[in-house]
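Enquirer: All residue numbers for the sequence shown refer to the numbering used here, where the first residue is 21 and numbers rise by one.
Backbone N, C-alpha and C define an ideal beta-carbon position, used for all residues, glycine too.
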Amino acid sequence: MGLFRILMFAGVALLALVIFKRVTGGIRGSRQDLEEDERLGRLVQDPECGVYVDSKEAVRRKAPDGELFFCSEKCAKAHFAQAQPGE
21 MGLFRILMFA GVALLALVIF KRVTGGIRGS RQDLEEDERL GRLVQDPECG VYVDSKEAVR
81 RKAPDGELFF CSEKCAKAHF AQAQPGE
């Protein structure tokens with residue numbers, strides 16, 4: 021009789037876990053977590069001052085080698101002001 025009770029308890033616990041995961045979408049897979057992650061970009065380094073900024077929040081400028089990301093308009097202007105005299 022003791023083994024039967026243990027198996028019944030394990031079965032009920034497993035069923036409760038499955039229902040919990042279906043209702044909540046699991047611990048990691050909640051919809052709110054996905055929406056927050058989609059709003060974030062990747063970290064990029066400002067070539068002028070070296071600060072890391074979120075790519076979605078950064079000031080973007082096109083350059084011959086690709087797109088550059090800056091922490092502020094001031095850094096973007098300073099970077100291109102230095103590049104022009106030497107070219």
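Between the C-alpha atoms of L37 and A30, what's the straight-line distance to the nearest angstrom?
Expert: Rounded to whole angstroms, L37 to A30 spans 11 Å at the Cα level.
Enquirer: Would you mind stating whether S75 and G61 have Cβ atoms separated by less than 8 Å?
Expert: Yes, they are a contact pair.
Enquirer: With DSSP run on the structure shown, which of helix, strand or coil describes V38?
Expert: Correct three-state label for V38: helix.
Enquirer: Considering Cα atoms alone, identify which of I26, V43, K41, E93 is closest to C69.
Expert: That would be E93, whose Cα lies nearest to the Cα of C69.
Enquirer: With DSSP as the reference, identify every bridge partner of A98, one or two as the case may be.
Expert: Answer is none; A98 lacks a bridge partner.
Enquirer: Quick one: measure Cβ to Cβ for D66 and F100, integer angstroms, because I've assumed they're closer than 8 Å.
Expert: With 8 Å as the limit, D66 and F100 do not qualify as a contact, their Cβ atoms being about 13 Å apart.
Enquirer: What ranges does the beta strand (DSSP E) occupy inside the stretch 56 to 96, keeping only unbroken runs of at least 3 residues that lie completely in it?
Expert: Counting only runs of 3 or more, we get 63 to 65, 72 to 74, 79 to 83, 86 to 90.
Enquirer: Which word fits V64, buried or exposed, when buried means at least 16 other C-beta atoms lie within 10 angstroms of its C-beta?
Expert: Classification for V64: buried.
Enquirer: Tell me the rounded alpha-carbon separation between V71 and A83.
Expert: Looking at the two C-alpha atoms, the distance is approximately 19 Å.
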